[in-house]
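Dropping the structure here:
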């Protein structure tokens with residue numbers, strides 16, 4: 360009987376001790392936050408060395424790591440390969456300021472977890488984590504009905520999604536074979552330059568100017584020779600000179616003839 364009484368008295372004390380222990384022990388972190396590591400995913404991929412250097416230099420890698428521990432919506436990351444960076448125009452990265460490099464990396468981050476299936480129903484434009492004076496930078500996503508083909512368009516170029524490197528919530532990582540270039544930083548896609556006008560067309564244009572009374576180019580002036588017999592002071596002077604020469608020659612002939620006749624008479 361005494362043992363039962365003792366047990367009844369101890370039960371409240373045991374319950375209070377259990378509650379106190381629960382309050383002191385830290386709550387375990389979510390399993391996803393313990394295992395998701397963007398840097399580790401990219402290192403395992405083996406072809407993202409340039410991207411890893413950018414994540415480290417801009418400290419965006421640390422920023423995303425902190426977000427992954429607290430996010431409810433998750434993140435989506437587009438990972439350009441080393442070949443994608445190598446395809447950029449020489450000096451593109453070095454020509455960016457530190458802040459612009461940060462924005463370029465953040466342009467590859469969507470503040471929500473997207474699977475290939477949810478891209479099918481996503482509403483454009485999609486917000487990225489990059490911002491500028493005009494607001495948030497966005498991308499457009501297009502998909503092929505019935506297939507898992509997704510293209511990401513920036514206004515500068517469209518880049519297809521490649522291999523899925525990670526699909527575990529809260530982080531989806533997709534490989535891309537092109538660097539996503541925000542239109543706000545790199546401008547719209549440039550149209551090809553117009554072809555040069557053919558030489559024959561240029562010649563026709565010059566002839567039209569002459570017909571309209573326009574001045575002739577210097578090179579054409581130099582190449583144009585005066586025409587024999589053309590009117591003007593120069594042609595009159597030339598005719599006078601020629602007539603004088605002919606008259607002089609006739610006088611010499613007559614003088615010689617008279618000398619010859621005189622010599623015959625004397626003889």
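In the working numbering, the protein residues as written are 360 to 626. Where a beta carbon is used, it is the ideal one built from N, C-alpha and C, also for glycine. Note that the structure is a prediction, hence the values are computed from the model and not measured.
Margin query: Contact defined as beta carbons within less than 8 Å: I believe residue 533 pairs with residue 444. What is the distance between those atoms, to the nearest angstrom?
Written below: The sequence position of residue 533 within the chain shown is 174, counting from 1. The sequence position of residue 444 within the chain shown is 85, counting from 1. Wrong, their Cβ atoms sit about 16 Å apart, outside the cutoff.
*Should residue 466 go down as buried or exposed, given a rule of 16 or more other Cβ atoms within 10 Å for buried?*
Mapped onto the chain shown, residue 466 falls at position 107. Classification for residue 466: buried.
query: Beta carbon of residue 523, beta carbon of residue 510: below 9 Å?
result: Reading the chain shown from its first residue, position 164 is the one you call residue 523. Reading the chain shown from its first residue, position 151 is the one you call residue 510. Their beta carbons are not under 9 Å apart, which means residue 523 does not touch residue 510 by this criterion.
N- and C-terminal bounds of the alpha helix (DSSP H) containing residue 404: As a first step, residue 404 is located in the chain shown; it is residue number 45 there, counting from the start. Element bounds for residue 404: 397-404.
*For residue 525, count neighbouring Cβ atoms within 10 angstroms of its own Cβ and tell me buried if that reaches 16, exposed if not.*
On the chain shown, residue 525 is found 166 positions in, with the first residue counted as 1. Classification for residue 525: buried.
| 7 Å CB neighbourhood of residue 419 in its chain, flanking five on each side removed | As a working mapping, residue 419 is identified with position 60 in the chain shown. Excluding sequence neighbours, residue 419 sits near 461, 464 and 465.
**Request:** Counting only runs of 3+ residues fully inside the stretch 406-468, write out the beta strand (DSSP E) ranges in chain order.
**Result:** The qualifying runs are 434-439.
| request: Can you tell me which of the three DSSP states residue 543 falls into? | output: Here residue 543 refers to the residue found at position 184 when the chain shown is read from its first residue. Residue 543 falls in the helix class under three-state DSSP.
| message | Looking at residue 440: is its Cβ nearer than 9 Å to the Cβ of residue 491? | response | Taking the chain shown and counting its residues from 1, the one referred to as residue 440 is at position 81. Taking the chain shown and counting its residues from 1, the one referred to as residue 491 is at position 132. It is not a contact, given that the beta carbons lie outside the stated cut-off.
* **Ordered list of alpha helix (DSSP H) runs contained in the stretch 469-495, each at least 4 residues** => Complete alpha helix (DSSP H) runs here, min 4: 475-478.
With a threshold of 16 other CB atoms inside 10 Å of the CB of residue 495, please say whether the residue is buried or exposed. As a working mapping, residue 495 is identified with position 136 in the chain shown. By the neighbour-count rule (16 or more Cβ atoms within 10 Å), residue 495 is not buried but exposed.
Consult DSSP for residue 538 and reduce its assignment to one of helix, strand or coil.
On the chain shown, position 179 is the one that residue 538 refers to. DSSP, read as helix, strand or coil, puts residue 538 in coil.
Start and end residues, beta strand (DSSP E) containing residue 509: Here residue 509 is taken as the residue at index 150 of the chain shown, counted from 1. Its beta strand (DSSP E) spans residues 509-512.
Rounded to whole angstroms, what is the Cα-Cα separation between residue 503 and residue 539? Numbered from its first residue, the chain shown carries residue 503 at position 144. Numbered from its first residue, the chain shown carries residue 539 at position 180. Distance from the CA atom of residue 503 to the CA atom of residue 539, rounded to whole angstroms, is 20 Å.
Just checking my contact of residue 513 with residue 541 at CB under 8 Å: how many whole Å lie between their CB atoms? Locating residue 513 in the chain shown gives position 154, counting from the first residue. Locating residue 541 in the chain shown gives position 182, counting from the first residue. Right, the Cβ-Cβ distance comes to about 6 Å (below 8 Å), so this counts as a contact.
Requested in this report: Pull up the distance between the alpha-carbon of residue 531 and that of residue 468, whole angstroms please.
Outcome: Numbered from its first residue, the chain shown carries residue 531 at position 172. Numbered from its first residue, the chain shown carries residue 468 at position 109. Cα to Cα, the separation comes out at about 10 Å.
Around the Cβ of residue 623, are there at least 16 other Cβ atoms within 10 angstroms (buried) or fewer (exposed)?
-> By one-based count along the chain shown, residue 623 stands at place 264. Here the model assigns residue 623 a pLDDT of 46, short of 50, so the residue's position is not dependable, and the following value carries that caveat. When all chains shown are included, residue 623 counts as exposed.
Among the residues of its own chain, which have a CB less than 6 Å from the CB of residue 448, if the five just before and after it don't count? If you number the chain shown from 1, residue 448 lands on position 89. Beyond the five residues adjoining it in sequence on each side, residue 448 comes within less than 6 Å, by CB distance, of no other residue in the same chain.
* How would you label residue 477, buried or exposed, when you count the other beta carbons within 10 angstroms and need 16 or more for buried? -> By 1-based counting over the chain shown, the position of residue 477 is 118. Exposed, since its Cβ has fewer than 16 Cβ neighbours within 10 Å.
Through-space distance from residue 411 to residue 544, alpha-carbon basis
Position 185 of the chain shown holds residue 544. Position 52 of the chain shown holds residue 411. Whole-angstrom Cα-Cα distance: 22 Å.
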